[in-house]
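*Asks:* For the sequence shown, UniProt numbering assigns the number 1 to the initial residue and increments by one for each residue that follows.
One structure coming up, written as structure tokens, with questions to follow.
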Amino acid sequence: MSSLSRELVFLILQFLDEEKFKETVHKLEQESGFYFNVRHFEDEVHNGNWDEVERYLSGFTKVDDNRYSMKIFFEIRKQKYLEALDKHDRSKAVDILIKDLKVFSTFNEELFREITQLLTLENFRENEQLSKYGDTKSARAIMLVELKKLIEANPLFRDKLQFPSLKNSRLRTLINQSLNWQHQLCKNPRSNPDIKTLFVDHSCGQPNGARAPSPANSPLLGPLPKVGGFPPLGAHGPFQPAPAAVPTPLAGWMSNPPSTVTHPVVPGGGVIGLGGPSIPGDASDPVSKRTRPLGIVDEVNLPVNVLPVTFPGHGHAPAFTSDDLPKAVGRILNPGSSPMSMDFHPVQQTLLLVGTNVGDISLWDVVSRERLLSKNFKVWDLSCCTTTLQATLVKDPGVSVNRIMWSPDGSLFGVAYSLHVVQLFSFNVNNEVRQHLEIDAHVGGVNDLAFAQPNKQLCVITCGDDKTIKVWDAVTGVKRHTFEGHEAPVYSVCPHSKENIQFIFSTALDGKIKAWLYDNMGSRVDYDAPGRWCTTMAYSADGTRLFSCGTSKDGESFIVEWNESEGAVKRTYQGFRKRSFGVIQFDTTRNRYLAAGDDFSIKVWDMDNVNLLTTLDADGGLTASPRVRFNKDGSLLAVSINENGIKILANSDGMRLLRTFENFSYDVSRTPETLVKPKVNPITATAATAPISAGLADRGAPAVVTSGMNGDARILGDVKPRITEESNEKSKLWKLTEISEPSLCRSLRLPENQRANKISRLIYTNSGSAILALASNAVHLLWKWQRNDRNSTGKATASVAPQQWQPSSGIVMTNDVNKNNPEEAVPCFALSKNDSYVMSASGGKISLFNMMTFKTMTTFMPPPPAATFLAFHPQDNNILAIGMDDSTVQIYNVRVDEVKSKLKGHSKRITGLAFSNTLNVLVSSGADAQVSKDMRSS
């Protein structure tokens with residue numbers, strides 16, 4: 001068998017194992033003889049399945065192959081014989097002696113005679129050599145140690161004891177790549193094609209032809225999971241299936257989403273759109289309409305993805321060690337009451353929100369240890385709240401914060417309280433904290449809160465003691481959905497999306513886990529969580545792995561990883577004390593680690609190993625079951641401590657982060673000395689109907705204006721959006737420390753072995769591991785930092801020089817140039833969001849290059865006018881903004897090769913373009929010294 005055929009067998013083995021065809025996996029291992037699964041062999045020996053043990057061995061060796069093989073079979077058959085004698089089953093012992101052991105008599109007749117004599121003994125342990133034979137279990141374990149030594153020494157098992165190192169779902173990946181390639185060759189590529197079969201090459205039918213059936217029901221892909229299993233979250237469909245007219249089976253809800261779940265499609269070349277702005281085209285413009293289809297075919301929004309494939313860590317993840325964990329105490333904070341929930345800002349990662357057991361919320365700058373915001377719980381509009389809430393507040397005004405959380409972009413944060421109420425605050429572009437929405441969300445406590453973006457509309461999801469989950473518009477406060485079906489108070493929610501399908505997991509105090517689509521059609525699954533009481537769920541940062549952490553009423557705690565496609569526990573992590581002191585809280589970080597507070601410590605696991613990795617004590621003082629929260633990059637960890645405190649633990653990167661921001665200082669001349677706990681002058685304003693303010697991605701060091709509630713009681717309506725005007729006190733401003741000494745700077749000369757005498761443009765790649773340059777001669781240069789002992793992360797650093805990189809083909813990315821006026825060319829380029837493509841121009845046509853191969857994918861838009869600035873849309877790599885030297889901006893769809901719109905407003909060439917990451921806004925600058933965001937569409 002050829003080496004490639006051998007490798008194919010390994011890929012099939014991996015596929016079968018991932019699909020849980022266990023018996024088939026071991027049958028193929030045995031029949032092919034390529035891989036001896038030691039773990040399977042151990043299990044069969046421990047279980048005494050002697051026939052299966054010998055059948056499995058027969059695929060790799062026979063009794064008389066060599067002395068090692070003979071010894072292996074002899075030990076197995078001797079053990080089987082002794083166990084029959086130990087059970088006083090002499091007829092079976094005689095049968096084993098004659099059929100299995102007699103073959104060895106030709107090699108050692110005396111040994112066979114001694115074995116036969118054991119039949120005459122009442123207890124074979126009377127034999128001196130067998131006097132130390134214990135019970136069956138220990139005897140099998142001792143024999144197994146000997147067998148493993150013999151197997152490792154046997155030359156017939158050489159190179160068969162280690163399974164090749166493969167990425168997850170490698171066979172699926174190869175099939176997907178093949179289908180993508182086939183789809184590129186289609187004459188009439190559909191935007192949502194169906195894969196009918198894998199038995200023949202894929203080909204899209206005629207544009208008006210009948211659609212193929214959904215691949216979810218393809219025989220090759222197997223039947224749908226059994227009813228009651230977790231939904232197959234990596235949907236089997238390579239393209240979004242057609243909307244179902246009737247409710248789909250519970251187990252197939254992710255393969256055939258209901259008609260209420262819509263997915264916008266970019267017309268033309270077959271790419272599912274990712275939410276770019278809708279910009280009308282102009283049929284009168286001769287450059288607006290082109291016929292040649294074009295697309296970035298292997299970008300993140302590929303049209304074909306037939307089989308669910310997961311890539312842990314997304315490919316080139318750095319090799320982390322436990323030294324990467326935050327262990328050193330960097331800061332200690334004192335909120336004044338016991339922390340119940342904490343959350344770091346997603347962008348400004350040194351800002352920490354804290355909610356306490358008495359309803360207080362605070363915002364901390366962990367660098368300066370300063371409390372930037374402090375609010376006590378107050379109902380904003382009591383006259384509009386339900387009578388139930390009014391009565392509850394009179395009877396028992398005590399309130400606790402159950403959850404506090406930032407929105408994904410950090411422009412909002414939400415607080416879920418133990419009495420009915422959810423409050424949302426805006427954290428806007430002017431660094432102001434304002435009251436945004438107050439919602440009388442549930443009858444009883446609001447137990448959890450989370451943000452999600454179904455249909456690209458920001459919503460807040462809540463759950464409560466009234467056994468419901470509710471979805472609210474985060475801008476207007478309008479209730480979008482109510483999910484009913486739990487039979488106990490809902491304890492937590494975990495929204496997520498996969499394959500453009502949005503869903504919510506929920507857990508209840510009876511231990512039930514349910515899953516919901518945004519369609520009001522009921523729960524899709526019903527499973528029991530380990531512990532069957534308080535359980536929270538969370539995905540890894542890359543969204544590929546699902547975990548849950550829970551504690552039973554008896555104090556037994558669990559952290560498990562779930563197999564989403566089957567609704568089964570994939571692995572259970574070990575290391576909790578027998579009875580925990582409280583409900584265990586957990587968090588994930590870096591797609592690698594799980595952390596939970598238990599037994600006055602922080603316990604940490606590697607996601608791929610069920611055994612405890614390490615325990616952190618944070619220099620002592622931790623609560624019995626500490627609350628834990630990582631910041632986004634995992635460099636800081638907030639943990640609750642005794643006496644109502646919080647410790648901020650940091651790794652080396654976190655310590656550098658804290659020291660870096662310590663170098664920022666306040667401009668005291670602009671800040672009143674009395675600004676310690678600023679108060680708010682509450683003024684009722686109009687309802688907040690405008691879109692949420694932009695996120696904080698473009699801001700530098702944290703600068704926050706604080707706000708607090710005054711003492712007056714104000715009211716809450718069922719959904720009553722309100723904004724209060726803040727104090728006129730000026731915000732604190734950061735200023736950079738001046739760099740006055742050369743020793744504060746570090747320089748690095750990039751090696752260059754190509755013909756470039758002047759660099760026109762320079763940019764870091766989005767991954768932070770390379771630098772891309774465009775030279776004045778229209779040649780592109782790429783330098784990459786390699787991962788090695790001196791640079792374990794492979795990221796940009798001045799300590800190690802990067803190496804200039806070029807594909808083995810020797811291709812150079814070179815732009816088309818304007819030969820008539822080369823000195824007037826304005827070089828420009830833009831990188832796609834995952835660094836796969838670069839769009840570039842040097843006065844001539846715009847070129848699209850593949851960054852992996854340096855091949856030119858296409859060229860378009862010959863001058864005049866010439867491109868002077870390029871920008872990819874942040875949500876759709878097929879949409880490009882092109883600034884021209886004639887002062888216009890053209891919105892261009894790469895896939896359909898069409899100018900969608902031409903924008904005017906400048907009088908000179910365009911010098912800069914930037915899309916907002918959160919709003920459908922494009923900002924431009926021109927050589928006319930003007931900045932515009934409201935350009936006129938022609």
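Just so you know, even glycine gets a beta-carbon here, dropped at the ideal spot from N, CA and C.
(1) Quick one: grab the DSSP three-state call for T386.
(2) Where does L294 sit, in a helix, a strand or coil, going by DSSP?
(3) If I follow the unbroken alpha helix (DSSP H) through K78, where does it start and stop?
(4) Assign E487 to buried or exposed, taking buried as 16 or more other Cβ atoms, counted over all protein chains shown, within 10 Å of its Cβ.
(5) Provide the residue(s) that pair with G645 in DSSP beta bridges, ordered along the chain.
(6) With D473 as the anchor, note down where its beta strand (DSSP E) starts and where it stops.
(7) Does the beta-carbon of N168 have 16 or more other beta-carbons within 10 angstroms, so that it is buried, or is it exposed?
(8) Which class does I142 belong to by DSSP, given the choice of helix, strand or coil?
(9) Among S925, I641, T911 and G883, which one has its Cα closest to the Cα of S901?
(10) Is there at least one non-hydrogen atom of the ligand NAD closer than 7 Å to the beta-carbon of L922?
(11) Taking 8 Å as the cut-off, does the region 87 to 94 touch the region 172 to 180 (at least 3 CB pairs, one atom from each stretch)?
(12) Considering only residues of the region 106 to 165, which uninterrupted alpha helix (DSSP H) runs meet the minimum length of 4 residues and lie entirely inside it, listed in chain order?
(13) Would you identify the three-state DSSP class for V921, choosing helix, strand or coil?
(14) Near L150, which residues of its chain fall below 6 Å by C-beta distance, leaving aside the five closest residues on each side in sequence?
(15) So what does DSSP say about E556, is it helix, strand or coil?
(16) Measuring straight from C-alpha to C-alpha, what distance separates N37 and S557?
(17) Taking the straight line between their C-alpha atoms, what separation do you get for G843 and T615?
(18) Distance, Cα to Cα, A153 vs R592?
(19) Where in the region 345 to 412 do unbroken runs of the beta strand (DSSP E), each at least 3 residues long, occur, reported from the N-terminal end onward?
(20) Return the chain-ordered list of same chain residues with a C-beta closer than 6 Å to the C-beta of D885, the five sequence neighbours on each side being excluded.
(21) Please report how far the alpha carbon of N500 lies from the alpha carbon of N455, in whole angstroms.
(22) Would you identify the three-state DSSP class for S19, choosing helix, strand or coil?
(23) Return the CA-CA distance between E146 and Q129, expressed in angstroms with no decimal places.
(24) Apply the 10 Å Cβ neighbour rule to E438 and answer buried if 16 or more other Cβ atoms are within range, or exposed otherwise.
(25) For I509, name the three-state secondary structure that DSSP assigns.
(26) Thinking C-alpha only, which one of S640, P164, S105 and P874 is nearest Y35?
(27) Identify the continuous beta strand (DSSP E) that holds K784 and give its terminal residues.
(28) Under the rule that 16 or more other beta-carbon atoms within 10 Å means buried, what is W805, buried or exposed?
(29) Mark N821 as exposed unless 16 or more other C-beta atoms lie within 10 angstroms of its C-beta, in which case mark it buried.
(30) With DSSP run on the structure shown, which of helix, strand or coil describes S5?
(31) For M851, count neighbouring Cβ atoms within 10 angstroms of its own Cβ and tell me buried if that reaches 16, exposed if not.
(32) To the nearest angstrom, how far is the alpha carbon of S492 from that of T507?
(33) Can you tell me which of the three DSSP states M655 falls into?
(34) Pop quiz: P339 and V329 are said to be a contact at Cβ under 8 Å. What is the actual Cβ separation, rounded to whole angstroms?
(35) For V103, which residues from the same chain have a beta carbon less than 8 Å from its beta carbon, with the 5 sequence-adjacent residues on both sides left out?
(36) From G522 to W533, what distance separates their C-alpha atoms?
*Replies:* With the given structure in hand:
(1) DSSP places T386 in coil when its eight states are reduced to three.
(2) Note that L294 scores 36 on pLDDT, short of 50, meaning its location in the model is unreliable; the coordinates nonetheless yield the value given after this. Looking at L294 - three-state DSSP - the assignment turns out to be coil, as it is neither helix nor strand.
(3) In the DSSP assignment, K78 falls within the alpha helix (DSSP H) that extends over R67 to D86.
(4) Note on E487: under 16 other CB atoms within 10 angstroms of its CB, so exposed under the neighbour-count rule.
(5) DSSP, once it has assigned bridges, lists I641 as partnering G645.
(6) Unbroken beta strand (DSSP E) run through D473: T468 to D473.
(7) With fewer than 16 other Cβ atoms inside 10 Å of its own Cβ, N168 counts as exposed.
(8) The three-state reading of DSSP puts I142 in helix, counting H, G and I together.
(9) Closest by alpha carbon: G883.
(10) Looking at this structure, you won't find the ligand NAD or any other ligand, since it has none at all.
(11) The answer is no - the region 87 to 94 does not touch the region 172 to 180, with fewer than three Cβ pairs under 8 Å.
(12) Whole alpha helix (DSSP H) segments, 4+ residues: 109 to 117 and 136 to 153.
(13) Here V921 sits in coil by DSSP.
(14) The beta carbon of L150 sits closer than 6 Å to the beta carbons of Y68, K71 and I72 from its chain, once the five residues preceding and following it are set aside; these are given in chain order.
(15) Looking at E556 - three-state DSSP - the assignment turns out to be coil, as it is neither helix nor strand.
(16) Approximately 32 Å between the Cα atoms of the pair.
(17) Between G843 and T615, the C-alpha separation is close to 59 Å.
(18) The alpha-carbon atoms of A153 and R592 are separated by roughly 36 Å.
(19) Secondary structure remark: continuous beta strand (DSSP E) runs of at least 3 residues inside the region 345 to 412, in chain order: 351 to 356, 361 to 365, 370 to 375 and 401 to 406.
(20) Excluding residues within five positions, the ones whose Cβ falls inside 6 Å are P865, A866, T868 and R909.
(21) Going by the C-alpha atoms only, they are around 9 Å apart.
(22) Looking at the sequence provided, one finds Glu at residue 19 rather than Ser. Coil, per DSSP.
(23) So the two alpha carbons sit approximately 17 Å from each other.
(24) Answer is buried; the Cβ neighbour count reaches 16.
(25) First, the residue type needs correcting, since residue 509 is Leu and not Ile in the sequence shown. Note: L509 maps to coil in three-state DSSP.
(26) Answer by Cα proximity: P164.
(27) Bounds of the beta strand (DSSP E) holding K784 are H780 to K784.
(28) Burial call: exposed.
(29) By the Cβ-count criterion, N821 is exposed, with fewer than 16 other Cβ atoms from all chains shown falling within 10 Å of its own Cβ.
(30) S5 falls in the helix class under three-state DSSP.
(31) M851 is classed as buried because its beta carbon has at least 16 other beta carbons within 10 Å across all chains shown.
(32) Going by the C-alpha atoms only, they are around 5 Å apart.
(33) M655 carries a helical assignment under DSSP once its states are collapsed to helix, strand and coil.
(34) Actually they do not touch by this definition, with Cβ atoms about 16 Å apart.
(35) Correct list, in chain order: V63.
(36) Rounded to whole angstroms, G522 to W533 spans 22 Å at the Cα level.
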